[in-house]
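Heads up: the sequence shown is residues -19 to -1, 1 to 229, going by mature numbering (1 follows the signal peptide of the UniProt record, and there is no 0). Using N, Cα and C, we set each Cβ at its ideal position, and we do this for glycine too. One structure is given below, encoded as structure tokens.
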Amino acid sequence: MRLLIGVLALASLTFCLVAEQRQKPPKKRDLGAPKNISIAYLLDNNNFTTEDTKPNSEVQKWLKTVQKKAQQDFRKEFQVKIKFRITDINITDSDLAQKIRYWSSDYLIHAGTYLGYLKQYYFKRAKQDNTENPDIICVLTKYRMYDEDEVDYLDNLPSQKITGTVCFLYICIQAYFKHHTLCATMVPMLLTYVPGKANKTGELLSKLVQKSATSENVTSWEEYLKTCDKAKKKGRNTKSLRTSRRFQ
């Protein structure tokens, strides 16, 4: 009888221990400190004013939501925390604003040509001023974009260059990049500004980060992103993007 009682007690204790273990949630993986990606924003002078660069402006609030969503999506997909470290938010100078108009037709900007010019423009400026460019310079515009290989790309997206287009009642959110040099050299990007669609834009920004890496198949984003944000690591400044310089 005592043996039976002992067996029952042991079985009851074992059941309780198993049930307790099942109730405990699995330990979350410690993702550590976020990896910084330095980013500067240029607001298209054809669409925005200096008022839009102020901290409490609607554009600044929109950008914060975009970045937050992009960071969340990246963490969810890769289990790696990232943080966009904003080095500057400014208006395009007269030269860059004029180039948008020059390479546009019917409010469609020739995205590849413009980004190629933007990259060379800031490479030369950084070299002359002995400053470090951020990992990303993102131009925010209300212009729509087309690709040099496919003008009518809304129905046929070239996946290697244009990350995506999302349309709502003829209002399209677009994101464009051309260079696969993230963390190695500065990557210029284009984003359309659509108020009220910050979260959708954030999804595209997360994809821009992924697609602009130097390799199509990054084996470890944790290791890859350690090479980002060179300016902060070197203790060097990133000069204000508003300063206009001409290069011959």
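Reduced DSSP category for residue i - H, G, I as helix; E, B as strand; rest coil
i: Val175; result: coil
i: Lys16; result: strand
i: Ala165; result: coil
i: Ala107; result: helix
i: Glu204; result: helix
i: Glu184; result: helix
i: Val199; result: coil
Of the residues the options, the one placed nearest residue i, counting alpha carbons only
i: Thr162; options: Glu58, Asp116, Ile20 and Ala78; result: Asp116
i: Lys207; options: Tyr95, Lys64, Ile81 and Thr182; result: Lys64
i: residue 250; options: Leu121, Ser75, Tyr102 and Leu171; result: Because residue 250 is not part of the residues shown, which for the chain are -19 to 229, the question remains open.
i: Cys164; options: Ile154, Asp69 and Thr195; result: Thr195
i: Ile90; options: Val61, Phe55, Lys105 and Val120; result: Val120
i: Asn28; options: Leu189, Val168 and Ile81; result: Ile81
i: Asn26; options: Leu77, Gly13, Asp69 and Lys57; result: Leu77
i: Gly183; options: Met167, Arg56 and Ser85; result: Arg56
i: Ile72; options: Lys211, Glu32 and Pro176; result: Glu32
i: Leu44; options: Ala21, Tyr102, Tyr95 and Tyr83; result: Ala21
i: Gln48; options: Lys192, Gly97, Arg66 and Asn111; result: Arg66
i: Lys108; options: Tyr124, Met167 and Leu24; result: Met167
i: Tyr124; options: Ser86, Tyr103, Ser38 and Ser193; result: Ser86
i: Lys192; options: Lys62, Pro169 and Ala179; result: Pro169
i: Lys42; options: Pro176, Thr200 and Glu204; result: Pro176
i: Lys62; options: Val190, Gly97 and Glu197; result: Val190
i: Thr122; options: Tyr103, Tyr95, Asp110 and Trp202; result: Tyr95
Buried or exposed (CB count within 10 angstroms, at least 16 for buried), residue i
i: Lys159; result: buried
i: Glu113; result: buried
i: Cys209; result: buried
i: Thr173; result: buried
i: Leu186; result: buried
i: Pro36; result: exposed
i: Asp54; result: buried
i: Tyr83; result: exposed
i: Lys50; result: buried
i: Ser19; result: buried
i: Gln79; result: exposed
i: Gln101; result: exposed
i: Thr30; result: exposed
i: Tyr157; result: buried
i: Ala14; result: exposed
i: Gln52; result: buried
i: Thr200; result: exposed
Neighbour flag for residue i against chain D, beta carbons, 8 Å
i: Phe158; result: Structure shown: chain D not included; a single protein chain is present.
Sheet register partners of residue i (DSSP bridge)
i: Tyr124; result: In the DSSP output, where bridge partners are listed per residue, Tyr124 has none listed.
i: Cys119; result: Tyr22 and Met170
Continuous alpha helix (DSSP H) assignments of at least 4 residues falling wholly in the stretch 25 to 105:
39 to 59 and 75 to 83
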